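**Student:** The opening residue of the sequence shown carries number 91 in my numbering; numbering runs sequentially from there. All C-beta atoms, glycine included, are put in the ideal place defined by N, C-alpha and C. Small disclaimer: the values here were computed from a predicted structure and weren't measured. Dropping the structure in here first, questions after.
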Amino acid sequence: MEKRHKHVSPTLDIMAKKIFSLPEVTVAFIRDILDLDVVDAQILEGTQLHKKDFDEDELFSTSVDVRAKLNDGTEVIIEIQVRKQHYFLNRFHYYLANQLVENVQQLRQQGQTHKMYEQMEPVYGIAILEKTLLPDEESPINTYWMANSRTGKPLYSYYKDGKRQNLLQIAFLELDKYNKDKHIKDEGRQWLEFFGNLPFSKEPSQAVTHADSLLDSSSWTQEEKAMIDERIRIQENYDMTMETAIDEAREEG
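See the structure below:
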């Protein structure tokens with residue numbers, strides 16, 4: 091299928107970080123995918139996802155991860171996965187849980203132990219996946235939350251100011267499942283087309299249009315262009331190395 095931008099992808103780590111550095115784009119994305127009443131968001135730096143004490147075997151396993159704090163205190167971790175990992179779901183669950191624990195520990199260190207659980211905010215996640223993670227699900231967008239197995243009613247917990255909210259919510263966008271003929275809500279379809287680097291089937295929202303404008307090379311600084319070109323070169327070399335290794339493995343039987 092024809093690519094919207096031939097020489098750069100929105101899932102390239104440098105581009106994705108640039109895209110999600112815009113609060114208005116991040117707000118629109120979270121609102122459209124998680125169906126939350128989001129007004130504003132703060133992009134947080136120094137998230138624990140970046141504190142990796144190990145050397146990943148696959149350089150491009152994870153393209154980018156972003157942590158955003160919404161106007162109501164809820165945190166959302168957005169991660170883009172460009173290579174298939176068998177244990178990605180386990181790792182993503184760990185990240186969400188670890189961030190929740192880290193936030194509570196910060197409250198404890200501030201001496202707010204008596205209100206620690208009252209002020210604890212939920213941590214949600216959105217994973218943008220280039221390869222299928224959920225083969226049993228036909229839809230390219232799937233959202234999960236805690237619910238009663240018999241009635242399907244969500245499990246809500248009380249938070250500060252009387253807010254009732256689901257304890258956990260995770261959404262997955264599987265880009266390789268996209269089919270323009272499938273019935274998908276326009277809000278989700280435009281993000282699948284955007285991150286899949288596909289032509290838009292309908293006029294996208296202002297937020298998506300703004301995000302897409304960042305992929306126009308004429309808007310890049312010389313420094314950005316050099317960094318993006320270098321990242322693309324490294325990724326292409328990596329892809330060729332992987333293809334060669336696969337071909338050699340097949341020849342060896």
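For Phe-110, collect the residues of the same chain with a Cβ closer than 6 Å to its Cβ; drop the 5 residues on either side in sequence, then sort them by chain order.
**Tutor:** Along the sequence shown, one-based indexing puts residue 110 at 20. Same-chain partners within the cutoff: Thr-116, Val-156.
**Student:** Please work out which residues of its chain come closer than 7 Å, Cβ to Cβ, to Asn-287, disregarding the five sequence neighbours upstream and downstream, and give them in chain order.
**Tutor:** Looking up residue 287 in the sequence shown gives position 197. Only Lys-93, Arg-94, His-95, Ser-99, Pro-100 meet the Cβ criterion.
**Student:** Which first and last residues belong to the alpha helix (DSSP H) in which Lys-189 is found?
**Tutor:** For the purposes of this step, residue 189 is taken as residue 99 along the sequence shown, with counting starting at 1. Reading off the sequence, residue 189 comes out as Gln, not Lys. That run of the alpha helix (DSSP H) goes 178-199.
**Student:** Report the residue from Thr-233, Ala-301, Met-236, Lys-272 whose alpha carbon sits nearest the alpha carbon of Trp-281.
**Tutor:** On the sequence shown, position 191 is the one that residue 281 refers to. Taking only the C-alpha atoms, the option nearest Trp-281 is Ala-301.
**Student:** Secondary structure at Asn-327, three-state DSSP: helix, strand or coil?
**Tutor:** Taking the sequence shown and counting its residues from 1, the one referred to as residue 327 is at position 237. Residue state, collapsed to three classes: helix.
**Student:** Thinking C-beta only, is Phe-284 closer than 9 Å to Ile-216?
**Tutor:** As a first step, residue 216 is located in the sequence shown; it is residue number 126 there, counting from the start. As a first step, residue 284 is located in the sequence shown; it is residue number 194 there, counting from the start. No.
**Student:** In terms of DSSP beta bridges, what is Asn-232 paired with?
**Tutor:** For this step, residue 232 is matched to residue 142 along the sequence shown. Answer by DSSP bridge pairing, in chain order: Phe-262.
**Student:** With a threshold of 16 other CB atoms inside 10 Å of the CB of Val-129, please say whether the residue is buried or exposed.
**Tutor:** For the purposes of this step, residue 129 is taken as the residue at position 39 of the sequence shown. Answer is exposed; the Cβ neighbour count stays below 16.
**Student:** Which parts of the stretch 280-329 are runs of the alpha helix (DSSP H), unbroken and 4 residues or longer, counting only runs that do not cross its ends?
**Tutor:** Entirely contained in the stretch 280-329, the alpha helix (DSSP H) runs reaching 4 residues are, in chain order, 296-303.
**Student:** From this set, His-176, Lys-275, Ile-324, which residue's C-alpha is nearest Pro-225's C-alpha?
**Tutor:** Locating residue 225 in the sequence shown gives position 135, where the first residue counts as 1. The candidate whose alpha carbon is nearest that of Pro-225 is His-176.
**Student:** In angstroms, rounded to a whole number, what distance separates the CA positions of Asn-269 and Asp-122?
**Tutor:** Here residue 269 corresponds to residue number 179 of the sequence shown, with the count starting at 1. Here residue 122 corresponds to residue number 32 of the sequence shown, with the count starting at 1. In a straight line, the C-alpha of Asn-269 is about 19 Å away from that of Asp-122.
**Student:** Compare the Cα-Cα distances from Tyr-248 to each of Ile-218, Met-210, Asp-127, Gln-189 and report the closest residue.
**Tutor:** The sequence position of residue 248 within the sequence shown is 158, counting from 1. Measuring from the Cα of Tyr-248, the nearest candidate turns out to be Met-210.
**Student:** Just checking my contact of Asp-162 with Lys-253 at CB under 8 Å: how many whole Å lie between their CB atoms?
**Tutor:** The residue labelled residue 162 in the question sits at position 72 within the sequence shown. The residue labelled residue 253 in the question sits at position 163 within the sequence shown. Yes, they are in contact, since the Cβ atoms of Asp-162 and Lys-253 sit about 7 Å apart, within 8 Å.
**Student:** Taking only three categories from DSSP, how would you classify Lys-270?
**Tutor:** What you label residue 270 is simply residue 180 of the sequence shown in a count that begins at 1. Note: Lys-270 maps to coil in three-state DSSP.
**Student:** Determine whether the beta carbon atoms of Arg-173 and Glu-227 lie at a separation below 9 Å.
**Tutor:** Indexing the sequence shown from 1 puts residue 173 at position 83. Indexing the sequence shown from 1 puts residue 227 at position 137. Going by C-beta atoms, Arg-173 is not nearer than 9 Å to Glu-227.
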